[in-house]
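Student: Residue numbers 1 to 145, in full-length UniProt numbering, belong to the letters of the sequence shown in order. One structure is given below, represented as structure tokens, and several questions about it will come after.
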Amino acid sequence: MVPFDAPDAVKLIAEVQQEYVERYGGPDTTPVDPAEFAPPQGIFLVGYLDGAPVACGGWRVHGDEAEIKRMYVAASARGNGFARALLAELERTAAEAGLARVRLETGQKQPEAIALYESSGYHRIPGFGIYRDEPDCVCFAKHLA
């Protein structure tokens, strides 16, 4: 667990924002306050490979559910199970915090993310947030045990 604005987190968040620029033409402009990802209202995780930061993601509280944000695995580390492990840890910590459900948004131009969420038990839900009416936006949720 690291602060949302820790150097390794900032590096990976910049990479994921660049990925959004390449895929969608611009960064994710969802308002994000780093304090939202500080316990007990949230968490932010960074995964490492050989000492280098290669994966990140976090959740922030919305009512009785957690919203997952900034899930990302560096291109050099993809295909090694980091995303699935990170997602499982985000779900575990959200459940441990007493939250009943996790939700997230992704986009049609991220088929690998959609496949991960669908294979991890997520189901599609109506849009939410600032992208709720965007045709490329796809929202998912999962009830936690």
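Ideal Cβ placement from N, Cα and C applies to all residues, glycine included. Remember, it's a predicted structure, so these values are computed and weren't measured experimentally.
For I68, which beta-bridge partners are listed by DSSP?
Tutor: DSSP, once it has assigned bridges, lists W59 as partnering I68.
Student: Please name the residue in E67, G57, V16, A85 whose C-alpha comes closest to that of S119.
Tutor: Taking only the C-alpha atoms, the option nearest S119 is A85.
Student: Quick one: is M1 buried, meaning 16 or more other Cβ sit within 10 Å of its Cβ, or exposed?
Tutor: That one is exposed.
Student: In three-state DSSP terms, what is Y122?
Tutor: Reduced to three states, the DSSP call for Y122 is coil.
Student: For G98, which of P111, L45, H62, V46 has the nearest alpha-carbon?
Tutor: Among P111, L45, H62, V46, the Cα nearest to that of G98 is on H62.
Student: Using 8 Å as the cut-off, can you tell me whether the region 122 to 137 makes contact with the region 97 to 111, which would need three or more C-beta pairs spanning the two stretches below that distance?
Tutor: Yes: at least three Cβ pairs fall under 8 Å.
Student: Assign P3 to buried or exposed, taking buried as 16 or more other Cβ atoms, counted over all protein chains shown, within 10 Å of its Cβ.
Tutor: So P3 counts as exposed.
Student: Could you pull the start and end residues of the alpha helix (DSSP H) that V46 belongs to?
Tutor: Counting along the chain, V46 falls outside any alpha helix (DSSP H), though it belongs to the beta strand (DSSP E) covering 42 to 49.
Student: Please confirm if the region 70 to 77 is in contact with the region 40 to 54, defined as three or more CB-CB distances below 8 Å between the two stretches.
Tutor: Output reads yes: the region 40 to 54 touches the region 70 to 77.
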